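**Student:** So the mapping is simple: our numbering equals the position in the sequence shown, first residue as 1, plus 1426. Just so you know, even glycine gets a beta-carbon here, dropped at the ideal spot from N, CA and C. As the structure is a prediction and not an experimental result, all values here were calculated from the model.
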Amino acid sequence: MNTIAFNQQLSDKLNEVLNPTFYSTPGKGEITVVANEKKGLREYRIITKDNKVVDLIDAYNSEHDADYQKLVDFLKDYR
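Structure follows, in structure tokens:
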């Protein structure tokens, strides 16, 4: 599976499992995730390579709540 297809599949699965708290859109080499957390809107980037998640970047370097931990737990299966 190529990276674009992997990102699309992972984004679809994330939207299915974690929506409405998170909404993701796939891109080339990364997936952008917008989170509606209790402390406000957040944006994350899931960096992928070779059909694996290699990094999770917080665009705002903000404090995280329990919803963020749900995202981290979800991504464990894809690392």
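1. Which residues in the same chain have their Cβ closer than 7 Å to the Cβ of E1456, if we skip the five residues on either side of it in sequence?
2. Going straight from the alpha carbon of A1485 to that of E1463, what length do you get?
3. Could you give the DSSP three-state label for S1488: helix, strand or coil?
4. Could you check if L1467 is buried or exposed, using at least 16 other CB atoms within 10 Å of its CB as the buried criterion?
**Tutor:** Considering the structure as presented:
1. For this step, residue 1456 is matched to residue 30 along the sequence shown. So the list reads R1471, I1472, I1473 and T1474, once near-sequence residues are dropped.
2. Here residue 1485 refers to the residue found at position 59 when the sequence shown is read from its first residue. Here residue 1463 refers to the residue found at position 37 when the sequence shown is read from its first residue. Taking the straight line joining both Cα atoms gives about 14 Å.
3. In the sequence shown, the residue the question calls residue 1488 occupies position 62. Residue state, collapsed to three classes: coil.
4. Locating residue 1467 in the sequence shown gives position 41, counting from the first residue. Here L1467 is exposed. Its C-beta has fewer than 16 other C-beta atoms within 10 Å.
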